[in-house]
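**Q** Heads up: the sequence shown at position 90 corresponds to 90 in full-length UniProt numbering, and the numbers run straight through without jumps.
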Amino acid sequence: MVVDFIADSADVYGDVTIGAGSTIWFQSVLRGDSNRISIGEKSNIQDGTIVHVDEGAPTLIEDGVTIGHGCIIHGCTIHSGALIGMGSTILNNAVIGENSLIGAGSLVTERTIIPPNSLAFGSPARVIRQLTPAEIKKNHENAQHYFELGKAYVNQEIQAVKGSAYERD
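Structure below.
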């Protein structure tokens with residue numbers, strides 16, 4: 001795997017490929033045990049996210065995707081530039097279109113297709129409207145931010161605070 005940053009507390013098992021510049025954050029779990037997980041370049045899987053698969057349902061995450069904290073990503077396809085809001089769940093054979101944004105806490109049910117450049121949220125998630133060019137740009141900036149943050153961790157510009165090294169005033 002060629003990546004900039006995989007947190008020490010992240011667990012990656014099975015048939016998993018991670019593209020260059022992608023980051024896997026703290027306490028995330030990627031389990032490619034019954035199918036494959038493929039993550040493109042400069043994507044980020046944020047803290048506490050679970051990425052899993054099913055027989056007949058691999059998980060495919062393309063380039064420049066942001067998966068927010070605490071998501072469940074299960075046997076689905078997420079196209080380039082998409083942003084999945086914190087706490088969202090994406091189920092088997094769902095497809096998230098390029099540059100789309102799934103609002104925080106949303107549930108994208110099995111076989112749901114979210115078209116490109118869409119804002120969708122709710123439980124079940126429904127398309128609300130098309131994103132503006134400025135909102136799409138913000139999705140891309142978010143992915144770039146996590147790429148840069150990952151580099152800072154790799155370069156030890158940001159370090160863990162543990163045990164006796166941390167003293168309160």
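Note that the Cβ used here is the ideal one computed from N, Cα and C, for glycine as well.
Computed from a predicted structure; not experimentally measured.
Per DSSP, which one or two residues make a beta bridge with I50?
**A** According to DSSP, I50 bridges with V29 and I72.
**Q** To the nearest angstrom, how far is the alpha carbon of V51 from that of L83?
**A** 15 Å
**Q** What are the start and end residues of the alpha helix (DSSP H) that includes G150?
**A** P133 to V154
**Q** Give the range of the beta strand (DSSP E) segment to which D4 is assigned.
**A** Taken as a continuous stretch (DSSP letters only), D4 belongs to no beta strand (DSSP E), as it is neither H nor E.
**Q** Am I right that I37 and V16 are in contact with their C-beta atoms under 8 Å? What's the rounded C-beta distance?
**A** 5 Å
**Q** Less than 8 Å between the beta carbons of A125 and L101, yes or no?
**A** no
**Q** Rounded to whole angstroms, what is the Cα-Cα separation between T109 and G103?
**A** 14 Å
**Q** Go ahead and pull the three-state DSSP assignment for G19.
**A** Reduced to three states, the DSSP call for G19 is coil.
**Q** Would you give the residue range spanned by the beta strand (DSSP E) that Q159 belongs to?
**A** Careful: Q159 lies outside any beta strand (DSSP E) and carries neither H nor E.
**Q** Three-state secondary structure (DSSP) at V12?
**A** strand
**Q** Can you give me the start and stop residues for the beta strand (DSSP E) that T59 sits inside?
**A** T59 to I61
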